[in-house]
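Residue numbers (my numbering): 958 to 1222. Every residue gets a Cβ at the ideal spot worked out from N, C-alpha and C, and that includes glycine. Keep in mind that this is a model prediction, so the values were computed, not measured.
Laid out in structure tokens, this is it:
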């Protein structure tokens, strides 16, 4: 077991590697594009979706979150780091941020239901880029559960709410981790234009790929094809929303963090 600055990363690494292998084996055995798992959103398909979320997405997200948390400066509230001081992974500030942003996530979810415009992606991008992947991960899980309880997720079956909440949290924990390690680790004043060119396709790959997997796992091929028209209208609004959210988060970071944030690897 490898220990890196007090954070055990090895279990999450082996979980991720083993999980990917196990999920590929399950996929080969059940062929989700065919009729074996039954109709769309059958119990078998919901179970298959859970296997993807908990064997692939969750360990990768937790591995990156734990790597994020081993940096003392990143555990401090933005702009409040004092060299030499120890900061908890979850302080009162973090818990307050989680509560507020979970409420925003749940509230904007109702706008999505009415307009089919993904305003939630703006909130999740802001969470991941400004607050970091740890706060984003917990906020999204709590927010998704609140949104579901209030009737804001009519398209998610009760049996699938846990997979939905964890999957959305993992997407943005991964995207946020990539951004922090690419940009935040280089300190205040780093030119971000080049990284934006990289982050947009990264977000497309992680966010879009996860959504495609959630559709693919929950229905046979014909059902998935039927979702194309929905995706053609809705997903471009996701892209616009998370680009705006990233820009807002970066601007907020630059106004609140006064000192360099570079951290030695």
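Judged by their CB atoms, residue 1062 and residue 1096 are nearer to each other than the 8 Å cut-off. Taking every protein chain shown into account, the CB of residue 1036 has fewer than 16 other CB atoms within 10 angstroms, so this residue is exposed. By the beta-carbon neighbour count (other beta carbons within 10 angstroms, threshold 16), residue 974 is exposed. Judged by DSSP in its simplified three-state form, residue 965 adopts strand. In the DSSP annotation of this structure, residue 1164 is not part of any alpha helix (DSSP H), being labelled neither H nor E. Residue 1090 is positioned such that its CB atom lies no closer than 8 Å to that of residue 1163. In this structure, DSSP gives residue 996 a state outside helix and strand, which the three-state scheme calls coil.
The alpha carbon of residue 1125 has as its nearest neighbour, out of 1011, 1154 and 1040, the alpha carbon of 1011. Listed in chain order, the non-local C-beta contacts of residue 1099 below 7 Å within the same chain comprise 1055 and 1059, local neighbours out to five positions each way being set aside. Collapsing the DSSP output to three states places residue 1005 in a helix. Distance from the CA atom of residue 993 to the CA atom of residue 983, rounded to whole angstroms, is 12 Å. Exposed is the label assigned to residue 971, since fewer than 16 other Cβ atoms lie within 10 Å of its Cβ. Selection 1092, 1128 and 1102 evaluated against residue 1078 yields 1128 as nearest (Cα-Cα). At the C-beta level, residue 1032 and residue 1045 come within 8 Å of one another.
Here residue 1102 carries a helix assignment [DSSP, helix/strand/coil]. The beta carbon of residue 1016 lies closer than 6 Å to those of 969, 972, 973 and 976 in the same chain, with the five residues before and after it left out. Secondary structure of residue 1034 (DSSP, three-state): coil. C-alpha of residue 1107 to C-alpha of residue 1116: approximately 16 Å in a straight line.
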